[in-house]
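So my numbering is basically just the index in the sequence shown, starting at one, shifted up by 25. Just so you know, even glycine gets a beta-carbon here, dropped at the ideal spot from N, CA and C.
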Amino acid sequence: MKVGVLLSVLGGFALAIGLFVYYGLEPIGRAFAAAGCSGLASLCGVHLLSVLLCALAWRALLVELPPRSSLAFVWARWLRDSIGNLLALLPAAGEVIAARELTFHGIRISLAGASMIIDLTSEIVSQLLFTLLGLGLLLAQRPGASGTWWAVGGLLVATGAIAGFIYVQRRGLFRLLQMLPAQYDLQRRFQSLIEVARIDAAIQQLYRQPARVAAAIILHLVAWLVAAAETWLGLTLMGQPLSFADALVIESLVLALRTSAFVVPGAAGIQESGYLMLGALFALQPEVSLALALLKRAREAVVGLPALLIWQGLEWRRFLQGSGRFWRRMPASADICEPHS
Numbered sequence: 026m027k028v029g030v031l032l033s034v035l036g037g038f039a040l041a042i043g044l045f046v047y048y049g050l051e052p053i054g055r056a057f058a059a060a061g062c063s064g065l066a067s068l069c070g071v072h073l074l075s076v077l078l079c080a081l082a083w084r085a086l087l088v089e090l091p092p093r094s095s096l097a098f099v100w101a102r103w104l105r106d107s108i109g110n111l112l113a114l115l116p117a118a119g120e121v122i123a124a125r126e127l128t129f130h131g132i133r134i135s136l137a138g139a140s141m142i143i144d145l146t147s148e149i150v151s152q153l154l155f156t157l158l159g160l161g162l163l164l165a166q167r168p169g170a171s172g173t174w175w176a177v178g179g180l181l182v183a184t185g186a187i188a189g190f191i192y193v194q195r196r197g198l199f200r201l202l203q204m205l206p207a208q209y210d211l212q213r214r215f216q217s218l219i220e221v222a223r224i225d226a227a228i229q230q231l232y233r234q235p236a237r238v239a240a241a242i243i244l245h246l247v248a249w250l251v252a253a254a255e256t257w258l259g260l261t262l263m264g265q266p267l268s269f270a271d272a273l274v275i276e277s278l279v280l281a282l283r284t285s286a287f288v289v290p291g292a293a294g295i296q297e298s299g300y301l302m303l304g305a306l307f308a309l310q311p312e313v314s315l316a317l318a319l320l321k322r323a324r325e326a327v328v329g330l331p332a333l334l335i336w337q338g339l340e341w342r343r344f345l346q347g348s349g350r351f352w353r354r355m356p357a358s359a360d361i362c363e364p365h366s
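This is how it looks when you write it as structure tokens:
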């Protein structure tokens with residue numbers, strides 16, 4: 026598995042580098058430079074707004090929370106995205122570490138893990154709605170565009186997969202893991218790391234609050250619209266303005282492409298190819314599309330690196346204070362954070 030991940034990363038980087046070399050580093054660099062440092066800073070600001078919305082979506086799943094928990098969710102979401110974008114060789118590391126961070130702010134392990142799983146589910150559901158919106162706009166504007174119906178088919182398959190994932194959660198995903206044969210050694214691992222039974226019970230309890238799950242989906246959908254605004258802004262700063270609807274189509278379908286290529290960490294090469302192909306539908310020059318992809322990568326680094334540095338500083342301090350264990354056991358008073366049906 027590790028060899029496969031490494032090969033996919035190398036292949037993705039090779040594809041991206043090949044695209045940049047083929048279409049010319051100089052014209053791509055000129056298009057990128059047109060946005061400038063102030064443009065990159067603007068994109069970072071817009072992206073941080075989407076991070077805030079995603080943090081609020083996560084927080085919306087829980088009822089009673091400790092004081093100043095909103096900041097804890099913002100920090101956890103910022104770190105989760107940063108790890109996912111910059112340390113993509115570690116599958117699901119961002120989600121696990123972000124849930125762990127919540128336990129240092131008075132939220133029980135079971136609730137942190139359960140809310141993370143449901144938040145991830147609601148985020149994917151909102152992404153499907155966002156992609157559906159983008160496809161609808163594309164079909165309305167360019168019904169004969171090549172690849173459109175393939176995208177529709179992929180969306181239907183993804184919808185079925187998500188529906189199945191939600192169904193398994195409601196039926197008891199982690200109870201199912203506990204029933205696996207002993208030789209897989211999964212039961213011991215899950216019990217020692219994320220308290221299988223308690224997380225399973227918390228998942229069922231959170232799902233009994235459908236209004237909160239719906240609120241999380243809506244907030245995530247708004248965050249995707251902000252991501253489309255980021256694409257629109259990036260193109261405008263480079264002197265290649267498109268309508269917001271066109272930018273939404275590009276962003277939603279590139280996002281769907283990234284998700285479908287989850288086996289490639291960080292969507293290396295996939296994101297660049299997506300912007301290149303979809304930009305062509307709207308008469309964008311290849312160098313502009315690739316500069317936009319490069320601008321997005323630069324934004325990931327500028328926003329993500331500080332979070333990783335802060336996280337490492339916190340981990341070092343916890344280690345020195347003797348609390349560097351993977352999961353900190355919460356006191357009984359943390360029971361106030363249990364959700365209410």
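Neighbour-count burial assignment, residue i, 16 or more Cβ in a 10 Å radius
{"i": "residue 259", "result": "buried"}
{"i": "residue 341", "result": "exposed"}
{"i": "residue 109", "result": "buried"}
{"i": "residue 325", "result": "buried"}
{"i": "residue 167", "result": "exposed"}
{"i": "residue 337", "result": "exposed"}
{"i": "residue 84", "result": "buried"}
{"i": "residue 95", "result": "exposed"}
{"i": "residue 346", "result": "exposed"}
{"i": "residue 252", "result": "buried"}
Whole-number beta carbon distance between residue j and residue i, since they are thought to touch under 8 Å
{"i": "residue 242", "j": "residue 139", "result": "With a Cβ gap of about 17 Å, residue 242 and residue 139 do not count as contacting."}
{"i": "residue 86", "j": "residue 237", "result": "5 Å"}
{"i": "residue 367", "j": "residue 307", "result": "Since the first and last residues shown for the chain are 26 and 366, residue 367 lies out of range."}
{"i": "residue 323", "j": "residue 65", "result": "6 Å"}
{"i": "residue 59", "j": "residue 263", "result": "5 Å"}
{"i": "residue 301", "j": "residue 311", "result": "6 Å"}
{"i": "residue 63", "j": "residue 328", "result": "The pair is not a contact, with the Cβ atoms about 16 Å apart (cut-off 8 Å)."}
{"i": "residue 244", "j": "residue 78", "result": "5 Å"}
{"i": "residue 92", "j": "residue 132", "result": "Contact flag wrong, Cβ pair sits at about 12 Å."}
{"i": "residue 68", "j": "residue 155", "result": "Not really, about 19 Å apart at Cβ, beyond 8 Å."}
{"i": "residue 80", "j": "residue 57", "result": "Residue 80 to residue 57, Cβ: 30 Å. No contact."}
{"i": "residue 120", "j": "residue 145", "result": "6 Å"}
Same chain, Cβ closer than 7 Å to residue i, neighbours up to 5 away in sequence not counted
{"i": "residue 231", "result": "86, 139, 140, 143 and 364"}
{"i": "residue 209", "result": "Bear in mind that the predicted position of residue 209 carries a pLDDT of just 42, short of 50, making it too unreliable to give a figure here."}
{"i": "residue 271", "result": "307"}
{"i": "residue 284", "result": "152"}
{"i": "residue 265", "result": "309 and 313"}
Cutoff 8 Å; reference residue i; Cβ partners in own chain excluding five residues on either side
{"i": "residue 53", "result": "45, 312, 315, 316 and 319"}
{"i": "residue 254", "result": "71, 269 and 272"}
Own chain residues within Cβ distance below 6 Å of residue i, not counting five before or after
{"i": "residue 159", "result": "273, 274, 277 and 278"}
{"i": "residue 248", "result": "75, 78 and 79"}
**Study point:** Contact between the segment 323 to 337 and the segment 103 to 110 (3+ Cβ pairs under 8 Å)
**Key:** Enough Cβ pairs lie closer than 8 Å, so yes.
Point to revise | alpha helix (DSSP H) runs contained entirely in the segment 86 to 113, provided each spans 4 or more residues | key: Qualifying alpha helix (DSSP H) stretches, in chain order: 94 to 111.
Practice item. Starting from the N-terminal side, write out each stretch of the alpha helix (DSSP H) that is 4 residues or longer and does not extend beyond the segment 269 to 323. Key: As far as the segment 269 to 323 is concerned, its whole alpha helix (DSSP H) runs of at least 4 residues are 269 to 285 and 295 to 306.
Check your understanding: Fully enclosed by the segment 228 to 270, which alpha helix (DSSP H) runs are 4 residues long or longer?
Key -> As far as the segment 228 to 270 is concerned, its whole alpha helix (DSSP H) runs of at least 4 residues are 235 to 262.
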